Amino acid sequence: MFAIPLSAFAQSVPDPAWLVEFPETNFKKSSITFDEIVTDGPKRDQIPPIHNPKYINALDDKDLGPQEPVLSIVIKGDARAYPLRILLWHEIVNEVIGGVPVLISYCPLCNSGVVFDRRIDGRTLSFGNTGRIRHFDMVMYDQQTGSWWQQFTGEAIIGDLTRQKMKLVPARLESLARFKARAPKGKLLVPENVNARPYGMSPYQNMERAEPRVFSSYPLPARLKPMDRVIVIGNEAWPLKLLKNKKEIEVNVTRVTLKMIWIAGQNSLHDTQKIANGRDVGNVIVTQDGKDFPYDVTFAFAFKAFRPDGIIHLD
């Protein structure tokens with residue numbers, strides 16, 4: 001059973017432990033107050049990032065259920081899929097896909113899975129995990145400058161690169177079966193050591209049905225619960241249940257016309273202990289003129305936390 005950190009330790013000045021763990025970080029420069037950062041257990045890279053990912057041909061997989069969720073990317077014909085059963089234990093993968101250095105990121109506490117171009121001002125960054133969270137979302141760091149980055153936004157919040165922002169790369173959160181069908185020559189991430197973690201099992205069972213009081217600080221419309229999934233595009237969001245009911249929606253975001261489609265057949269990571277038995281939350285596809293467009297499917301509280309003035313479309 002998962003546990004939302006309630007007895008977290010926050011501060012208005014850097015925790016002395018941070019200075020020891022991150023001697024390279026410039027804590028004199030930040031865009032947030034330090035008391036927004038929560039320390040509740042893991043230290044630097046105790047949630048180990050993946051720097052040398054190992055793959056198999058997706059069609060050769062014998063371990064995952066067909067509806068298990070994967071975060072998938074296709075760049076210049078190079079198709080890769082990253083199972084959430086692995087990402088939930090590692091959260092970060094540094095990789096080059098189709099010649100583009102990318103950061104594959106997933107935060108299980110807010111169900112945010114996004115991919116970024118990890119080049120900033122001509123420099124390619126490599127990322128690790130600070131072991132800290134802000135608004136229940138992972139805080140990352142780059143190995144080149146020690147700057148701290150918010151996973152949900154891809155923006156540096158502490159250090160020399162403060163306010164720099166990574167560019168989103170189009171990706172899909174979809175079932176393994178759908179990835180295999182659209183990319184039969186695609187590659188699938190596999191664990192370096194299958195016994196290192198209980199891959200295939202989720203420590204976040206029943207989380208999507210929880211309503212911890214900590215979420216009261218993220219006010220939402222009465223028709224939306226903190227753990228309801230929403231589709232996030234920029235400063236706007238649509239409840240997943242709205243798209244599920246309509247199956248297809250055409251929207252305009254910053255003068256761009258997008259098509260959103262819901263298709264059944266994807267297990268929830270936050271339902272049962274065995275991921276392959278999780279309830280069906282469905283697949284979301286977002287396209288512009290037939291091409292993938294960046295989006296995130298996250299819990300509603302996280303959208304409100306990082307987009308407090310954002311628009312939630314209920315109808």
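Residues 1 to 315 (the working numbering) are what the sequence shown spells out, left to right.
Ideal placement from N, C-alpha and C gives every residue a C-beta, glycine not left out.
Keep in mind that this is a model prediction, so the values were computed, not measured.
Expressed to the nearest angstrom, what Euclidean distance is found between the alpha-carbon atoms of aspartate 296 and phenylalanine 116? Within the sequence shown, the letter at position 296 stands for residue 296. Within the sequence shown, the letter at position 116 stands for residue 116. Approximately 12 angstroms, taken between the alpha carbons.
Length of the line joining the Cα atoms of threonine 130 and lysine 274: Translated into positions along the sequence shown, residue 130 becomes position 130. Translated into positions along the sequence shown, residue 274 becomes position 274. Looking at the two C-alpha atoms, the distance is approximately 28 angstroms.
Considering only residues of the same chain and omitting the five flanking positions on each side of serine 126, which have a CB-CB separation below 6 angstroms? Residue mapping note: residue 126 aligns to position 126 of the sequence shown, counting from 1. So the qualifying residues of the chain are Asn94 and Gln143.
In angstroms, rounded to a whole number, what distance separates the CA positions of proline 219 and aspartate 63? Indexing the sequence shown from 1 puts residue 219 at position 219. Indexing the sequence shown from 1 puts residue 63 at position 63. Proline 219 and aspartate 63: Cα-Cα distance of roughly 40 angstroms.
When the Cα of glycine 154 is compared with those of Lys259, Leu314 and Phe306, which residue comes out closest? The residue given as residue 154 occupies position 154 in the sequence shown. Closest option to glycine 154, Cα to Cα, is Phe306.
Buried or exposed: threonine 298, going by 16 or more other Cβ atoms within 10 Å of its Cβ? The residue labelled residue 298 in the question sits at position 298 within the sequence shown. Answer is buried; the Cβ neighbour count reaches 16.
Within the continuous alpha helix (DSSP H) that includes asparagine 245, where are the two ends? Within the sequence shown, the letter at position 245 stands for residue 245. 240 to 246 is the extent of the alpha helix (DSSP H) around asparagine 245.
Take every Cβ of the segment 56 to 72, pair it with every Cβ of the segment 156 to 170, and state whether three or more of those distances are shorter than 8 angstroms. no
Lysine 28, DSSP secondary structure in three states: Position 28 of the sequence shown holds residue 28. In the displayed model, lysine 28 falls within coil according to three-state DSSP, outside both helix and strand.
Can you have a look at serine 30 and say buried or exposed, based on whether 16 or more other CB atoms are within 10 angstroms of its CB? Looking up residue 30 in the sequence shown gives position 30. With a threshold of 16 other beta carbon atoms within 10 Å, serine 30 meets it and is buried.
Looking only at C-alpha atoms, which of Asn267, Arg255, Asn277 and Gln288 sits nearest to isoleucine 261? If you number the sequence shown from 1, residue 261 lands on position 261. Closest by alpha carbon: Gln288.
Alpha-carbon to alpha-carbon, isoleucine 32 and lysine 241: Here residue 241 is taken as the residue at index 241 of the sequence shown, counted from 1. Here residue 32 is taken as the residue at index 32 of the sequence shown, counted from 1. Rounded to the nearest angstrom, the two C-alpha atoms are 33 angstroms apart.
Compute the Euclidean distance between the alpha carbons of glutamine 11 and aspartate 35, then round it to the nearest angstrom. In the sequence shown, the residue the question calls residue 11 occupies position 11. In the sequence shown, the residue the question calls residue 35 occupies position 35. At glutamine 11, the pLDDT of 49 sits below 50, so the modelled position is not reliable; the number obtained from the coordinates is stated separately. Cα to Cα, the separation comes out at about 4 angstroms.
Cutoff 8 angstroms; reference proline 49; Cβ partners in own chain excluding five residues on either side: For the purposes of this step, residue 49 is taken as residue 49 along the sequence shown, with counting starting at 1. If we look at proline 49 and ignore the five residues flanking it on each side, its Cβ neighbours are His90, Glu91, Ile92, Val93, Asn94, Phe127, Gly128 and Asn129.
Proline 66 and alanine 177: beta carbons closer than 8 angstroms? Numbered from 1 along the sequence shown, position 66 holds the residue referred to as residue 66. Numbered from 1 along the sequence shown, position 177 holds the residue referred to as residue 177. Yes. Within cutoff.
Proximity winner among Thr145, Ile158, Gly98 and Ser112, relative to glutamine 151 (alpha-carbon distances): Here the question's residue 151 lines up with position 151 in the sequence shown. Ranking Thr145, Ile158, Gly98 and Ser112 by Cα distance to glutamine 151 puts Ser112 first.
What separation, rounded to the nearest whole angstrom, lies between the Cα atoms of arginine 118 and leucine 84? Looking up residue 118 in the sequence shown gives position 118. Looking up residue 84 in the sequence shown gives position 84. Approximately 21 angstroms between the Cα atoms of the pair.
For cysteine 110, which residues in the same chain have their Cβ closer than 6 angstroms to its Cβ, ignoring the five residues on either side in sequence? Locating residue 110 in the sequence shown gives position 110, counting from the first residue. Excluding residues within five positions, the ones whose Cβ falls inside 6 angstroms are Phe136, Asp137, Thr298, Phe299 and Ala302.
Please identify the residue among Ala276, Gln266 and Gly278 whose C-alpha is closest to the C-alpha of valine 284. For the purposes of this step, residue 284 is taken as the residue at position 284 of the sequence shown. It is Gln266.
Do you know whose CA, among Phe22, Asn195 and Val281, lies nearest serine 147's CA? As a working mapping, residue 147 is identified with position 147 in the sequence shown. Serine 147 has its Cα closest to that of Phe22, out of Phe22, Asn195 and Val281.
Cβ separation of valine 70 and phenylalanine 179, assumed to be a contact under 8 angstroms, to the nearest whole Å: Indexing the sequence shown from 1 puts residue 70 at position 70. Indexing the sequence shown from 1 puts residue 179 at position 179. Right, their Cβ atoms sit about 6 angstroms apart.
Can you name, in chain order, every residue of its own chain whose Cβ lies under 7 angstroms from the Cβ of valine 232, other than the five neighbours on each side? On the sequence shown, residue 232 is found 232 positions in, with the first residue counted as 1. Excluding sequence neighbours, valine 232 sits near Tyr295, Asp296, Thr298 and Phe303.
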